[in-house]
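Report on the following structure.
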Amino acid sequence: LITVIATNGLSFIADFAFLRLELKLQDLLVATEISAGDYILALTVSNLIYSSPGVITYLVLAFIYHLLDITNFVPALFILLLLLLNTSALGFFIGSLIPHVRYSWGIGSIMGTLLTILPPVFYPYYLLPNTIFETVYPLPTTLASLLIQNLTGLISTKLVVQSLILLVIETALFYYLSIKFSRWVSK
-12 LITVIATNGL
-2 SFIADFAFLR
8 LELKLQDLLV
18 ATEISAGDYI
28 LALTVSNLIY
38 SSPGVITYLV
48 LAFIYHLLDI
58 TNFVPALFIL
68 LLLLLNTSAL
78 GFFIGSLIPH
88 VRYSWGIGSI
98 MGTLLTILPP
108 VFYPYYLLPN
118 TIFETVYPLP
128 TTLASLLIQN
138 LTGLISTKLV
148 VQSLILLVIE
158 TALFYYLSIK
168 FSRWVSK
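In terms of the numbering used here, the sequence shown has 133 at position 146, counting the first letter as 1, and numbering is strictly consecutive.
Right, here's the structure in full:
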């Protein structure tokens, strides 16, 4: 589920670069009252709708296998929404800096792989050596994974509060950076 959400946000790189460079949609939107923040949220929702069959399937499976229940569903949903906003803002920012569409597909794929395979998304964090864990810990997918795994009872960690605070800070920071420093208006 974390991989689907994170990849969804990071696919923003290619989507935004294509819409900006090939379709010139951004040139139309800049002339309107739509802000970069509005655009990020709109593309995030559209990507989420597109990937909703996969997200719903994973949620149903999580309920069937008793990983999610009534008590932990809302906190899990909050964590997943934070991850989606985080990776979408990161994808928007990187996508705004890409000079040609052909680079966007590769960069998006590499970022998706680096942020979903290397961090402990598919396995418990304690299997990693401390030096590697300390390196991947600040990544949004690691933080979300630790929180979800702890919430569902797959692991027990004392890093819950610290991870949640860091994920919220990262999300706000990436969203702010994507609004203030992305190339919303073409040069």
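C-beta atoms are modelled at their ideal positions from N, C-alpha and C, and glycine is treated no differently.
| query | result |
| --- | --- |
| Check whether N73 and T144 have beta carbons under 8 Å apart | no |
| Neighbourhood of V147 by C-beta distance below 6 Å, restricted to the same chain and skipping five residues each side | N137 |
| Which of helix, strand or coil DSSP assigns to I21 | coil |
| Which of helix, strand or coil DSSP assigns to I142 | coil |
| Length of the line joining the Cα atoms of I(-11) and P106 | 11 Å |
| Same chain, Cβ closer than 6 Å to L6, five either side skipped, listed in chain order | L12 |
| Closer than 8 Å to chain D by CB, A23 | Protein chain content of the structure displayed is limited to a single chain, and chain D is not contained in it. |
| P62 - containing alpha helix (DSSP H), residue span | I57 to L84 |
| Nearest-angstrom Cβ-Cβ length linking T(-6) and T139, presumed shorter than 8 Å | Not a contact, Cβ separation roughly 20 Å. |
| Environment of A131 [buried if 16+ CB atoms lie within 10 Å] | buried |
| Where the alpha helix (DSSP H) containing K167 begins and where it ends | V147 to F168 |
| Integer Cβ distance of A4 from G93, believed to fall under 8 Å | The pair is not a contact, with the Cβ atoms about 11 Å apart (cut-off 8 Å). |
| Between the CA atoms of I36 and S75 - distance to the nearest angstrom | 14 Å |
| Buried/exposed call for N34, threshold 16 Cβ in 10 Å | buried |
| CA-to-CA distance, I51 to L10, given in whole angstroms | 43 Å |
| Identity of the residue in L101, L134 and V155 nearest T122 by Cα | L101 |
| Distance CB(F80)-CB(L164) smaller than 8 Å | yes |
| Beta carbon of G24 nearer than 8 Å to that of I166 | yes |
| Anticipated Cβ contact below 8 Å, G95 with A1, distance rounded | 4 Å |
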